[in-house]
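Just so we're aligned, residue 1 is where the sequence shown starts under UniProt numbering, counting upward by one.
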Amino acid sequence: IAKVDIKGEVTAIAPGLATITVTTVAGQHTETYIATVNPTVTISGTTEVGRMLTADTTAPTGASITYQWQRSNANGTFEDIAGATSSTYTLIPADATQFIRVIVTANDSGYSATTTSEPTIAITSTVAAIEGVGTPTTVLQLGETTTRTATTIEAGTKTWSSSDTTVATINETTGVINAIAAGTTTISYISTNGGTNLVNVTVYPEAAVVNPAYPGVSTTSGPILPTLTGSNNSATVKIFSIGRIKGVVTGFFSHSGTLNITNINLNHINSIEIFYVGKDNNGVVIEKGSVTVIINS
Numbered sequence: 001i002a003k004v005d006i007k008g009e010v011t012a013i014a015p016g017l018a019t020i021t022v023t024t025v026a027g028q029h030t031e032t033y034i035a036t037v038n039p040t041v042t043i044s045g046t047t048e049v050g051r052m053l054t055a056d057t058t059a060p061t062g063a064s065i066t067y068q069w070q071r072s073n074a075n076g077t078f079e080d081i082a083g084a085t086s087s088t089y090t091l092i093p094a095d096a097t098q099f100i101r102v103i104v105t106a107n108d109s110g111y112s113a114t115t116t117s118e119p120t121i122a123i124t125s126t127v128a129a130i131e132g133v134g135t136p137t138t139v140l141q142l143g144e145t146t147t148r149t150a151t152t153i154e155a156g157t158k159t160w161s162s163s164d165t166t167v168a169t170i171n172e173t174t175g176v177i178n179a180i181a182a183g184t185t186t187i188s189y190i191s192t193n194g195g196t197n198l199v200n201v202t203v204y205p206e207a208a209v210v211n212p213a214y215p216g217v218s219t220t221s222g223p224i225l226p227t228l229t230g231s232n233n234s235a236t237v238k239i240f241s242i243g244r245i246k247g248v249v250t251g252f253f254s255h256s257g258t259l260n261i262t263n264i265n266l267n268h269i270n271s272i273e274i275f276y277v278g279k280d281n282n283g284v285v286i287e288k289g290s291v292t293v294i295i296n297s
């Protein structure tokens, strides 16, 4: 475990406990010193997301060994990685650009020592991204689009999962996502080639009902805009569309909802069904509604 030369210099040989005894030349005085030799620990493996790192330690055979993997940013602050307490650790997307180290503690018959590895170089990520969900054009919303399909070009066979199945489930083979309730979940895959990636997905609640109104529409009222009582100011994209028309009505209608009736046939029941959708800048439907506008002479 350790050796000492005639000058009293102690050299570590292997981890463990060593008793160093010093006796005077005359043999009248003896002192002992317990030397603890800490184990060494190094990290082996490829520093790439999806790959596995291994803690290689010289802890004494038979010792009880515990592991705690940590990650840090370039500022050097290391924090424990939850659940990473075995001799191996598979790098996840959250590790990209970070630095990884491991702390090893060995205990054996009065011997207890803790040592920390040198950090790895910055973790790289070459795994393919997840597409089909998690962008403004792939919104999941109750009452609107409640199903999406997650895809990736990553090689190998992928197994998909959702971190919160009360928010959204995903078919582990096909990647089909079904929205269940408003909230946020993490969609991820693990490939047989070792690649893994994730994306945070929000399921938005149903839109509020806001029905537009057109007071006093007639051929003499000129162009009028709809009113939206209780409209949400965060609905920055407001779209109006015509549904069903009963009777004979001519004029023009704009996507801003402006009506200008130029002619009606009094021998018919003249009405226009108009639909309204208000979205935010992320494509989420904030509010929607409809109204049947009666055209008077």
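Backbone N, C-alpha and C define an ideal beta-carbon position, used for all residues, glycine too.
Exposed is the label assigned to SER218, since fewer than 16 other Cβ atoms lie within 10 Å of its Cβ. In this structure, DSSP gives ASP56 an extended state, which the three-state scheme calls strand. With a cut-off of 8 Å on Cβ pairs, the segment 243-262 is not in contact with the segment 173-190, counting fewer than three such pairs. With fewer than three CB-CB distances shorter than 8 Å, the segment 145-154 does not count as touching the segment 64-79. Distance from the Cα of ILE81 is smallest, within the candidate group ALA96, THR192, ILE100, THR105, for ILE100. Here the alpha carbon of SER117 sits roughly 29 Å from the alpha carbon of SER191.
DSSP places ASP108 in the strand class (E or B) of the three-state scheme. In this chain, the beta strand (DSSP E) harbouring SER271 covers 271-279. Between the C-alpha atoms of TRP160 and ASN193 there is a straight-line separation of about 14 Å. In this structure, ILE274 sits away from ALA235, with a CB-CB distance that is not shorter than 8 Å.
By the neighbour-count criterion, in which 16 or more other beta carbons inside 10 Å mark a residue as buried, GLY289 falls on the buried side. Between the C-alpha atoms of GLY230 and ASN211 there is a straight-line separation of about 9 Å. With fewer than 16 other beta carbons inside 10 angstroms of its own, SER241 counts as exposed. Residue burial is scored here from C-beta neighbours: PRO136 has fewer than 16 other C-beta atoms within 10 angstroms and is therefore classed as exposed. If you look at GLY243, you'll find it in the beta strand (DSSP E) that goes 237-246.
The beta strand (DSSP E) runs lying completely inside the UniProt domain "BIG2" (136-196) and spanning 3 residues or more are 147-149, 158-162, 168-170, 176-179, 183-191, given in chain order.
Per the coordinates, the alpha-carbon of ASN282 lies some 12 Å from the alpha-carbon of THR202.
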